[in-house]
Structure formats: structure tokens, C-alpha cells
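Engineer:
Numbering (the numbering used here), first residue to last: 162 to 357.
1. May I ask which residues mark the beginning and end of the alpha helix (DSSP H) holding residue 206?
2. Below 8 Å on the Cβ atoms is my contact criterion, and I expect residue 334 with residue 349 to pass it. Report the Cβ-Cβ distance as a whole number of Å.
3. Could you check how far apart the C-beta atoms of residue 287 and residue 303 are, in whole angstroms? I think they sit under 8 Å.
4. Closer than 8 Å by C-beta to residue 268: which residues in its own chain qualify, once you throw out the five before and the five after it? Chain order, please.
5. CB residue 209 to CB residue 173, shorter than 8 Å?
6. In three-state DSSP terms, what is residue 222?
7. Start and end of the beta strand (DSSP E) containing residue 184?
8. Are there 16 or more other CB atoms within 10 angstroms of the CB of residue 164, so buried, or fewer, so exposed?
9. To the nearest angstrom, how far is it from the Cα of residue 204 to the Cα of residue 216?
10. Measuring alpha carbon to alpha carbon, tell me which residue in 338, 320 and 323 is nearest residue 311.
11. Give the straight-line distance between the Cα atoms of residue 299 and residue 212, rounded to the nearest whole angstrom.
12. Return the CA-CA distance between residue 230 and residue 331, expressed in angstroms with no decimal places.
13. Figure out for me which residue from 328, 176, 282 and 353 has the closest Cα to the Cα of residue 206.
14. With residue 350 as the anchor, note down where its beta strand (DSSP E) starts and where it stops.
15. Leaving out the 5 sequence neighbours to the left and right, which residues in its chain are closer than 6 Å to residue 223 when beta-carbon positions are compared?
16. For residue 342, which residues of its own chain have a beta-carbon under 6 Å away from its beta-carbon, when the five flanking residues on both sides are left out?
17. With distances taken from CA atoms, which of 193, 221 and 282 is nearest residue 265?
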């Protein structure tokens, strides 16, 4: 994380550990407090991670670090596991972008209505905005959510204030295409209740 990156500390690890969970504009991750300028008394006052499982992600330009170190033979169990668990890339959205403008997940306004802790999902309404969602004034309702993982359209569960309600899992989702009338996004961030 580059020096000067703004973040909000959310949780600290147990006992004498100096690890903490932090969140910023385009990341939520674990970091050692000693690599920051966060005063130790502030760190000690943070709630612990006991009973909490925050979801880490990083979409910042500085997150693209090196991949796993290959074994001398160029294979092995780690590489095999990565190959089996790495999801397919989002389908080509070139055709969609002829009609609509693609936006980043930071431009998707998410309104939380309910949480299902057992499935780690939230019922939300979604809007796609011309600017970052936290400052946007020009947003349009999401009218379609397509799930690339299942190859199906997700039907809305209902409506709230004229917006469709969808159930989406917590974390950074890249397996969805979220569409409004003139904009679309291929990713969205759904916060779990512990970091909202």
C-alpha cells in the first residue's frame, strides 16, 4: 500500500498481534499496523476480529502484486489448485458497450434492505451512476442482473421505492452483469454488515 493511502481501520487481531483489517476507496484488506501511522492506542481501541469474517478484496492499482511462486518444475499442487478454482473471465461485453456505457463498481449505488447471515447474502436495490456512487446525482435503476456463473438472468425478488430488489452474496462480485437503461457494470461490491 503506497504511503499516504487513506484508509479506515475496522478491526484488530487478537492479543499482541499488530495485524488489522482496514478499508479504503477500492480495497478492504489486512495490514500490519506498524507499516502505518495509526497510533497504538487507537489500534488497541478497535474491536477484535472475534466472531467476524470480513471479506478482503483489492481493486486498487497498487494491488497487482506478483502471482504465486512456481515450483522448479513449473507445476505442483498450488498451481493445480489455482487452475481448478480460478473463475472464468467475464464474457466479452463489447456488444453491450455499443448501446450502453460501462462503469466501475464504484459507480454502483447499493441500498441494503436485509441480510441473510446463513447464506452470506444481502437483499439490495441497485442503481448505476455516472459518477462515484457516494457523490453521484445522476443515477438510474438497475433493470437487469445477469449471472455469468449460472448463465441465467436473476429475477428481482420484488421492489422497494420503485427499484428492483436482488439478493447478492457479500464481497466483490465479478460474475454479474448489472444493467440500467444507459449504463452497465461487470462488477459490484456488497458489504457484509460488519463494515457498513
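Cβ atoms here follow ideal geometry from the backbone N, Cα and C, with glycine treated the same way. Small disclaimer: the values here were computed from a predicted structure and weren't measured.
Structural biologist: With the structure as the only source:
1. Locating residue 206 in the chain shown gives position 45, counting from the first residue. Unbroken alpha helix (DSSP H) run through residue 206: 201-206.
2. The sequence position of residue 334 within the chain shown is 173, counting from 1. The sequence position of residue 349 within the chain shown is 188, counting from 1. Rounded to the nearest angstrom, the Cβ distance from residue 334 to residue 349 is 5 Å, consistent with a contact under 8 Å.
3. Stepping through the chain shown from its first residue, residue 287 is reached at position 126. Stepping through the chain shown from its first residue, residue 303 is reached at position 142. So it is a contact: roughly 4 Å between Cβ atoms.
4. As a working note, residue 268 is residue 107 in the chain shown. Counting only Cβ-Cβ distances below 8 Å, and skipping sequence neighbours, we find 289, 290, 291, 292, 293, 294, 297, 344 and 346.
5. Position 48 of the chain shown, counted from the first residue, corresponds to residue 209. Position 12 of the chain shown, counted from the first residue, corresponds to residue 173. Closer than 8 Å, so yes.
6. Here residue 222 refers to the residue found at position 61 when the chain shown is read from its first residue. In the structure shown, residue 222 adopts helical secondary structure according to DSSP, grouped into three states.
7. Along the chain shown, read from residue 1 onward, the residue named residue 184 stands at position 23. For residue 184, the enclosing beta strand (DSSP E) has its first and last residue at 180-185.
8. Along the chain shown, read from residue 1 onward, the residue named residue 164 stands at position 3. That one is exposed.
9. Walking along the chain shown from the start, residue 204 turns up at place 43. Walking along the chain shown from the start, residue 216 turns up at place 55. Each residue's Cα considered, the two are about 20 Å apart.
10. The sequence position of residue 311 within the chain shown is 150, counting from 1. Closest by alpha carbon: 338.
11. Locating residue 299 in the chain shown gives position 138, counting from the first residue. Locating residue 212 in the chain shown gives position 51, counting from the first residue. It is roughly 39 Å from the alpha-carbon of residue 299 to the alpha-carbon of residue 212.
12. Start at 1 with the first residue of the chain shown, and residue 230 comes out as number 69. Start at 1 with the first residue of the chain shown, and residue 331 comes out as number 170. Only weak support exists for where residue 230 lies, its pLDDT of 42 falling under 50; the value from the coordinates is given anyway. Straight through space, the alpha carbons of residue 331 and residue 230 are spaced by roughly 29 Å.
13. Position 45 of the chain shown, counted from the start, is the residue given in the question as residue 206. Closest in alpha carbon position to residue 206, among 328, 176, 282 and 353, is 176.
14. Within the chain shown, residue 350 is the residue found at index 189, counting from 1. Residue 350: member of the beta strand (DSSP E) spanning 349-351, first to last residue.
15. Residue 223 sits at position 62 when you count from the first residue of the chain shown. Contacts found: 163.
16. Here the question's residue 342 lines up with position 181 in the chain shown. For residue 342, where only same-chain residues beyond five positions count, the Cβ hits under 6 Å are 301.
17. Counted from its first residue, the chain shown places residue 265 at position 104. Nearest option by C-alpha distance: 221.
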